[in-house]
Amino acid sequence: MRNYCLLLFLIFIGGSIQAQESAMNSTEITSFKEKVIATAKTTKTINTDFLQYKHLDFLADDVKTSGTMVFKAPNLVKWEYTNPYQYSVIFKEDQLLINDGGTKSKVDIGNSKLFKKLNQLIVNSVKGNMFNDADFTVSFFKSSKYNKAVFIPKDKKIAGYIASFELLFNKNDAQVYEVKMVEPSQDFTRIIFSNRTLNSPINDSVFSN
Amino acid sequence: MIRFLVISLLACSILVSCSLKTTEGLRQVHFNKSDVENPYFSNSEIDYVYKAKIAVYGKNFGGILIIKKTGPESHRVVFTTEFGSKLFDFQFEGNTFTKNFVVEDLDKKFIINILKDDFMLLVNESATVLAVYQSNNERVYKTQSDERFNFYFLEDTSEKLEKIVNTSKTKEKVEIDFTSSEENIAETIAIKHNNIKLEIDLKKFKE
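Those protein sequences? They're chains F and Z, same order as listed. Be aware that the first sequence starts at 1, since it is given in our numbering, and climbs by one per residue. Be aware that the second sequence starts at 1, since it is given in our numbering, and climbs by one per residue.
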């Protein structure tokens, strides 16, 4: 009897999860895209905390790291991890500027097409504006809490690293609040943003090592 | 003249073969155990997560190293970037090594072999003792590893594993240094190579 109840409960929960998220229709997609693009256009700077979960199927707990992310239009990004270690990486033109707990290094990404693509992906996902990217097949979903865009890479090389890329947007302000990168093995990385400040002045010196 | 040459050659080869500095100045003592243990990755309930810094021929890069005991004789060793993308995913099961995933840039035979040997040595839990040496405050256990040897340095009173040195007959090849505060948890690990410029520094995540 107890098992039967549990089964019913699971079916009910399963059903309700299914019902929570549904695919957008074409008018919804158009209006959602317009809203995100309009928001991205008016977003000059972003300053936000983030919490990152790395999920590996064999671990008891996800690996948690956290820090702050700063973005300045058109394409300056700094990720700074502060917990449990100090590590920052700045995406600047064709370079990555890394400060690994005091050890500084530079990586040229000018020659690497894959890295350029990943960089572009990061900048665009922070802004949310990547729907016209010819390298991905995009599908759209909605729920009462969020809108979701799922990107599946067409390029085989990228597909070897990323099975899909999901962006979750707030319903009200069309800002990205969660990024999820799913690997071909189904292990994934989730980054959740919080305490976001938009369009406050950010000095360029933030983006130097 | 020929006799002199032969003797000097013999003397040289004997001197060279005796010149392994790992056990220099140590006296050999009687066995007090048949196996020596590395307890640092032996609890299957713990996710062992480390911040890694790697210096290779003057280049630095970092990431996260995750080790998990997944069976009585098996370990998973996964290395990711700080952003979480996997760089490699290895599985060790007894003496069987499986490459689950490696990014293209790292997928070179000589790199994989170095990483395989380093991490196999790091996670190997137990080895049969061939000889035992004693210093002022450490007991040193010699074990066989294919054509090579491993020397396990255990602190005298606490019996904490402080160092593993992998050697050929005459030369030290790899050294792993541990510091551990808590029982059986390695807080920092330094893997140093003597024949190539490669150093891997690991620091345990704080909860």
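Note that the Cβ used here is the ideal one computed from N, Cα and C, for glycine as well. Since the structure is predicted, the reported quantities are computational estimates derived from the model, not experimental observations.
- Burial is judged here by how many other beta carbons sit within 10 angstroms of a residue's own beta carbon; LYS72 (chain F) has at least 16 and is buried.
- Look at the region 78–156 of chain Z and you find these whole runs of alpha helix (DSSP H), each 4 residues long or longer: 109–123.
- Look at ILE37 (chain F) here: in three-state DSSP terms it is helix.
- Cβ contact annotation for GLU37 (chain Z) (same chain, cutoff 7 angstroms, sequence separation greater than five): GLU125, SER126, in chain order.
- Counting the other CB atoms within 10 Å of its CB gives THR43 (chain F) a total of 16 or more, which places it among the buried residues.
- Between ASN100 (chain Z) and PHE110 (chain Z), the gap from beta carbon to beta carbon reaches 8 angstroms or more.
- Counting along the chain, the unbroken alpha helix (DSSP H) around ALA159 (chain F) starts and ends at 156–159.
- In this structure the region 44–58 of chain Z does not lie against the region 135–143 of chain Z, because fewer than three pairs of beta carbons, one per stretch, are closer than 8 angstroms.
- Residues THR167, LYS169, THR170, LYS171, GLU172 of the same chain have their beta carbon placed closer than 8 angstroms to that of LEU20 (chain Z), with the five preceding and five following residues left out of the count.
- The C-beta of ILE64 (chain Z) comes closer than 8 angstroms to at least one C-beta of chain F.
- The three-state reading of DSSP puts THR189 (chain F) in strand, counting E and B together.
- Among the residues of the region 52–72 of chain F, those with a Cβ less than 8 angstroms away from any Cβ of chain Z are GLN52, LYS54, LEU56, PHE58, LEU59, ALA60, ASP61, VAL63, THR65, in the order of the chain.
- Any Cβ of chain F closer than 8 angstroms to the Cβ of VAL49 (chain Z) would place that residue at the interface, and such an atom is present.
- The three-state secondary structure of PHE205 (chain Z), taken from DSSP, is coil.
- Counting C-beta pairs closer than 8 angstroms gives fewer than three between the region 42–51 of chain Z and the region 23–33 of chain Z, which falls short of the contact rule.
- Residue contact with chain Z for THR103 (chain F): present (Cβ-Cβ distance below 8 angstroms to some residue of chain Z).
- Shown here, GLU93 (chain F) sits in coil according to DSSP, grouped into three states, outside any helix or strand.
- Looking at the backbone, the Cα of PRO184 (chain F) and that of LEU130 (chain Z) are separated by about 45 angstroms.
- For GLY67 (chain F), the enclosing beta strand (DSSP E) starts and ends at 63–72.
- Burial state of ASN150 (chain Z) is buried, judged by a 10 Å Cβ sphere holding 16 or more other Cβ atoms.
- The beta carbon of SER185 (chain F) sits closer than 8 angstroms to some beta carbon of chain Z.
- In this chain, the beta strand (DSSP E) harbouring GLN28 (chain Z) covers 27–29.
- When secondary structure is reduced to three states using DSSP, PHE151 (chain F) falls in the strand class.
- Of F:LEU97, F:LEU168, F:GLY102, the smallest CA-CA separation from ILE109 (chain F) is found for F:LEU97.
- It is roughly 18 angstroms from the alpha-carbon of ASP105 (chain Z) to the alpha-carbon of ILE64 (chain Z).
- Chain-ordered, the chain F residues with CB closer than 7 angstroms to the CB of THR80 (chain Z) read LYS54.
- Contact fails between the region 143–162 of chain F and the region 190–207 of chain F, because fewer than three Cβ pairs, one in each stretch, are under 8 angstroms apart.
- One alpha carbon belongs to ARG27 (chain Z), the other to SER158 (chain Z), and they sit about 20 angstroms apart.
- Between LYS192 (chain Z) and GLU199 (chain Z), the C-beta spacing is below 8 angstroms.
- In the pairwise beta carbon analysis, the region 48–57 of chain F is classified as touching the region 67–87 of chain Z: at least three pairs are separated by under 8 angstroms.
- Counted as a single uninterrupted DSSP element, the beta strand (DSSP E) harbouring ASN170 (chain F) occupies residues 164–170.
- Exposed is the label assigned to GLU147 (chain Z), since fewer than 16 other Cβ atoms lie within 10 Å of its Cβ.
- In the structure shown, SER31 (chain F) adopts helical secondary structure according to DSSP, grouped into three states.
- Listed by position along chain Z, the residues whose Cβ is nearer than 8 angstroms to that of THR189 (chain F) are PHE83, GLY84, SER85.
- Cβ-Cβ distances below 6 angstroms link THR188 (chain Z) to THR179, LYS203 in the same chain, with the five nearest sequence neighbours on each side left out; the list follows chain order.
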